[in-house]
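Protein chains: 2
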Amino acid sequence: MKVAKTIKSVRNLVKAARSKGKKIGFVPTMGALHIGHISLIEAAAKKCDFVVVSIFVNPTQFGPGEDFEKYPRPLKADLEICRKAGVDVVFTPATAQMYPQENLTWVNVEKLTEQLCGQFRPGHFSGVTTVCAKLFNIVAPDIAFFGQKDAQQAIVIKRMVADFNMPLKIVVCPTVRQADGLAVSSRNQYLTESQKKNAPLIYKSLQKCQKLIADGVADSKTIINQMRKILQQAPSIKIEYISIVDADTLQELKKITGKVLTAVAVKIGSTRLIDNILVDVNKR
Amino acid sequence: MKVAKTIKSVRNLVKAARSKGKKIGFVPTMGALHIGHISLIEAAAKKCDFVVVSIFVNPTQFGPGEDFEKYPRPLKADLEICRKAGVDVVFTPATAQMYPQENLTWVNVEKLTEQLCGQFRPGHFSGVTTVCAKLFNIVAPDIAFFGQKDAQQAIVIKRMVADFNMPLKIVVCPTVRQADGLAVSSRNQYLTESQKKNAPLIYKSLQKCQKLIADGVADSKTIINQMRKILQQAPSIKIEYISIVDADTLQELKKITGKVLTAVAVKIGSTRLIDNILVDVNKR
Numbered sequence: 032m033k034v035a036k037t038i039k040s041v042r043n044l045v046k047a048a049r050s051k052g053k054k055i056g057f058v059p060t061m062g063a064l065h066i067g068h069i070s071l072i073e074a075a076a077k078k079c080d081f082v083v084v085s086i087f088v089n090p091t092q093f094g095p096g097e098d099f100e101k102y103p104r105p106l107k108a109d110l111e112i113c114r115k116a117g118v119d120v121v122f123t124p125a126t127a128q129m130y131p132q133e134n135l136t137w138v139n140v141e142k143l144t145e146q147l148c149g150q151f152r153p154g155h156f157s158g159v160t161t162v163c164a165k166l167f168n169i170v171a172p173d174i175a176f177f178g179q180k181d182a183q184q185a186i187v188i189k190r191m192v193a194d195f196n197m198p199l200k201i202v203v204c205p206t207v208r209q210a211d212g213l214a215v216s217s218r219n220q221y222l223t224e225s226q227k228k229n230a231p232l233i234y235k236s237l238q239k240c241q242k243l244i245a246d247g248v249a250d251s252k253t254i255i256n257q258m259r260k261i262l263q264q265a266p267s268i269k270i271e272y273i274s275i276v277d278a279d280t281l282q283e284l285k286k287i288t289g290k291v292l293t294a295v296a297v298k299i300g301s302t303r304l305i306d307n308i309l310v311d312v313n314k315r
Numbered sequence: 032m033k034v035a036k037t038i039k040s041v042r043n044l045v046k047a048a049r050s051k052g053k054k055i056g057f058v059p060t061m062g063a064l065h066i067g068h069i070s071l072i073e074a075a076a077k078k079c080d081f082v083v084v085s086i087f088v089n090p091t092q093f094g095p096g097e098d099f100e101k102y103p104r105p106l107k108a109d110l111e112i113c114r115k116a117g118v119d120v121v122f123t124p125a126t127a128q129m130y131p132q133e134n135l136t137w138v139n140v141e142k143l144t145e146q147l148c149g150q151f152r153p154g155h156f157s158g159v160t161t162v163c164a165k166l167f168n169i170v171a172p173d174i175a176f177f178g179q180k181d182a183q184q185a186i187v188i189k190r191m192v193a194d195f196n197m198p199l200k201i202v203v204c205p206t207v208r209q210a211d212g213l214a215v216s217s218r219n220q221y222l223t224e225s226q227k228k229n230a231p232l233i234y235k236s237l238q239k240c241q242k243l244i245a246d247g248v249a250d251s252k253t254i255i256n257q258m259r260k261i262l263q264q265a266p267s268i269k270i271e272y273i274s275i276v277d278a279d280t281l282q283e284l285k286k287i288t289g290k291v292l293t294a295v296a297v298k299i300g301s302t303r304l305i306d307n308i309l310v311d312v313n314k315r
């Protein structure tokens, strides 16, 4: 496994692999790797011949007061995880490598970034799409892999790739969960022991949603109220949003129909956690 | 010469050329080709082995009330010009090929788009950078060629390429002028005979600026006043702006220093014309 710190070196490594006819898979991450990331790496290894992982805590996607400073950066452990997972190249640029001068150029995706997390994290998706555009241009992969846990991010990036005719495919992999149902996230490690006991209520509320839809409940408000009751079992959980939206347009649905995305964001203490489920009502 | 109407076909043609080790040069245009475009094609042929020209009147860079509808589209003559100039592929996509669905994703370049034409054409540069990002992703050239006549456009696109780590070079070619000094432009054909007689005053005003700087005049206001006097010789000329700015940052300069861009935009009747000169005071 090679570790590339510069744009030039990662480009050269990918170029050499491509010249051998290899298909390039790319997993962009902010490090603090966990089994969710490993599942993305495994998916990349399955579909591609050469796997590049980037580890870069991107400052432009954090808002003021968010956790950019305290975001975990266990580089040594991350590299070990990559090595064991069979990664070919890990790209670990410094901030000055990615942003050598004031960044003036931004990607903005309209509409799809206005709901859900976009309402609570102004500028976040602009930072995400901008750094992904940069990384896609640097790594030039055939396929990039993202997790369903960040559902809105995946939808926004897919739209950017389509609108900009970027020459790669986006593959979205299923959310990986702990035995207790909590979606695996680098931010879970911020939780105290007692907060960890309450956090699985997030997925419980989503399972409730799934069951209600399966039972034929079609009114979003009714479902959201039931979900809220579950989350309110733990007073430490502060609900940011519970939204039932069209899975393509992210527009709020009053009546359950078609492909439905139910997404939840909460704060437990100062830790912000998100999760979601996709239900295709037609395929039920 | 091949004419490609679809993204897929132009990609295949470029891919085949690249697989033969050819260097790809790209000249994006809106058609209505003239000797200015030909100079870009010639520059591309000189530096590259395979030249792609795109002809696409991009709707997203025209504002309401601008000349999108009446913009000239002499496709047959354009193709003949390309053939004679030795172009390898002309990419002539329909609007539905470039924008198959509502475009939600935009490139925005901050600061550099706020001055000069940016003040008078809101959204224009966002349309330009967005379509260039799309075209660069479609054609995947090694070098793209732009004209110095659209000075701000060239600076904005260069910045986009740098900020987004796009894997291509931008080459800016000198403005091509008629014998009377008027910068060649597709929009010149809108001018009536009498307007054509007045239009060379634009370049005359820029030559005056050049001379004043050469004579040691360092006060921008003094220079702009002299330029305005020249343009006011023709009452049909309405000045939109006369700006003296830093050639890198596009910030207004009160005192002439360093690399200076003097840019003029006027309306003659309903025709909007722009022109500029670059003066490097250090190299004078």
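Heads up: the protein sequence lines correspond to chains A and B, in order.
Quick note: the first sequence, position 39, residue 70 per my numbering, numbers continuous.
Quick note: the second sequence, position 35, residue 66 per my numbering, numbers continuous.
Cβ atoms here follow ideal geometry from the backbone N, Cα and C, with glycine treated the same way.
Three or more beta-carbon pairs under 8 Å between the region 242-258 of chain A and the region 119-135 of chain A, yes or no? no
With a threshold of 8 Å between beta carbons, is V310 (chain B) in contact with chain A? Looking up residue 310 (chain B) in the second sequence gives position 279. Not one chain A Cβ lies under 8 Å of V310 (chain B).
Would you kindly work out how many angstroms separate the C-alpha atoms of F156 (chain A) and T60 (chain A), rounded to a whole number? Here residue 156 (chain A) refers to the residue found at position 125 when the first sequence is read from its first residue. Here residue 60 (chain A) refers to the residue found at position 29 when the first sequence is read from its first residue. One C-alpha to the other measures close to 15 Å.
Of all the options A:G158, A:K54, A:V138, A:K314, which has the alpha carbon lying nearest to the alpha carbon of V170 (chain A)? Counting from 1 along the first sequence, the entry for residue 170 (chain A) is found at position 139. Minimum Cα distance to V170 (chain A) is reached at A:K54.
Report yes or no: do three or more beta-carbon pairs, one from the region 35-46 of chain A and one from the region 107-117 of chain A, lie closer than 8 Å? no
Within 10 Å of its beta-carbon, does P95 (chain A) have 16 or more other beta-carbons around it, so buried, or fewer, so exposed? In the first sequence, counting from the first residue as 1, residue 95 (chain A) sits at position 64. Exposed, because fewer than 16 other Cβ atoms sit within 10 Å of the Cβ of P95 (chain A).
What does DSSP give as the partner residue(s) for D277 (chain B) in the beta ladder? As a first step, residue 277 (chain B) must be located in the second sequence, where it is residue number 246. According to DSSP, which records beta bridges pairwise, D277 (chain B) is partnered with B:V291.
Residues near I308 (chain A) by beta carbon distance below 7 Å, same chain, minus five either side: Translated into the one-based positions of the first sequence, residue 308 (chain A) becomes position 277. L237, C240, Q241, T293.
Let's see if you can read the secondary structure: which residues bound the alpha helix (DSSP H) around G178 (chain B)? As a first step, residue 178 (chain B) is located in the second sequence; it is residue number 147 there, counting from the start. Per DSSP, G178 (chain B) belongs to no alpha helix (DSSP H); it is in the beta strand (DSSP E), 174-178.
Residues of chain B with CB closer than 8 Å to the CB of R190 (chain A), please, in chain order. Within the first sequence, residue 190 (chain A) is the residue found at index 159, counting from 1. Here the neighbours are L135, T136.
I want to see whether chain B comes within less than 8 Å of I186 (chain A), judged by CB atoms only; does it? In the first sequence, counting from the first residue as 1, residue 186 (chain A) sits at position 155. I186 (chain A) does not count as touching chain B.
Run down chain B in chain order and give the residues with a C-beta less than 8 Å from the C-beta of I38 (chain A). To locate residue 38 (chain A), count along the first sequence from 1; it is residue 7. Going along chain B in sequence order, the residues near I38 (chain A) (Cβ under 8 Å) are N196.
How would you label G300 (chain A), buried or exposed, when you count the other beta carbons within 10 angstroms and need 16 or more for buried? If you number the first sequence from 1, residue 300 (chain A) lands on position 269. Result: exposed.
Taking only the alpha-carbon atoms, compute the straight-line gap between K314 (chain B) and G289 (chain B) and give it to the nearest angstrom. Here the question's residue 314 (chain B) lines up with position 283 in the second sequence. Here the question's residue 289 (chain B) lines up with position 258 in the second sequence. If I take the Cα positions, the gap works out to 9 Å.
I want to verify the contact list: residues of chain B whose CB lies under 7 Å from the CB of I169 (chain A), in sequence order. Taking the first residue of the first sequence as position 1, residue 169 (chain A) is located at position 138. The answer, in chain order, is N196.
Applying a beta-carbon distance threshold of less than 8 Å, which residues of chain A neighbour L143 (chain B)? The sequence position of residue 143 (chain B) within the second sequence is 112, counting from 1. Per Cβ cutoff of 8 Å: L135.
N-terminal and C-terminal residue of the beta strand (DSSP E) that A265 (chain B) is part of: Here residue 265 (chain B) refers to the residue found at position 234 when the second sequence is read from its first residue. Taken as a continuous stretch (DSSP letters only), A265 (chain B) belongs to no beta strand (DSSP E), as it is neither H nor E.
I want to verify the contact list: residues of chain A whose CB lies under 7 Å from the CB of A164 (chain B), in sequence order. Looking up residue 164 (chain B) in the second sequence gives position 133. The answer, in chain order, is F195.
What does a CB cutoff of less than 6 Å around K305 (chain A) pick up in its chain, not counting 5 residues either side in sequence? In the first sequence, residue 305 (chain A) corresponds to position 274, counting from 1. With the sequence shown as reference, residue 305 (chain A) is identified as Ile, and Lys is not the correct amino acid for it. Excluding sequence neighbours, I305 (chain A) sits near A296.
Looking at the structure shown, is D306 (chain A) part of a helix, part of a strand, or coil, going by DSSP? Residue numbering aside, residue 306 (chain A) sits at position 275 when the first sequence is read from its first letter. Looking at D306 (chain A) - three-state DSSP - the assignment turns out to be strand.
When you compare only the Cα positions, how much space is there between A278 (chain B) and K200 (chain B)? In the second sequence, the residue the question calls residue 278 (chain B) occupies position 247. In the second sequence, the residue the question calls residue 200 (chain B) occupies position 169. Cα to Cα, A278 (chain B) sits roughly 19 Å from K200 (chain B).
Return the CA-CA distance between S85 (chain A) and F57 (chain A), expressed in angstroms with no decimal places. For the purposes of this step, residue 85 (chain A) is taken as the residue at position 54 of the first sequence. For the purposes of this step, residue 57 (chain A) is taken as the residue at position 26 of the first sequence. When rounded, the distance between both Cα atoms is 8 Å.
Look at I275 (chain A) and I261 (chain A) and say whether their C-beta atoms are less than 8 Å apart. Taking the first residue of the first sequence as position 1, residue 275 (chain A) is located at position 244. Taking the first residue of the first sequence as position 1, residue 261 (chain A) is located at position 230. Cβ distance not < 8 Å, so I275 (chain A) and I261 (chain A) don't count as in contact.
Have a look at B:V187, B:V162, B:I69 and flag the residue whose alpha-carbon is nearest the alpha-carbon of M191 (chain A). Along the first sequence, one-based indexing puts residue 191 (chain A) at 160. Nearest C-alpha to M191 (chain A): B:V162.
How many Å lie between Q226 (chain B) and R218 (chain B) at the Cα? On the second sequence, residue 226 (chain B) is found 195 positions in, with the first residue counted as 1. On the second sequence, residue 218 (chain B) is found 187 positions in, with the first residue counted as 1. Rounded to the nearest angstrom, the two C-alpha atoms are 12 Å apart.
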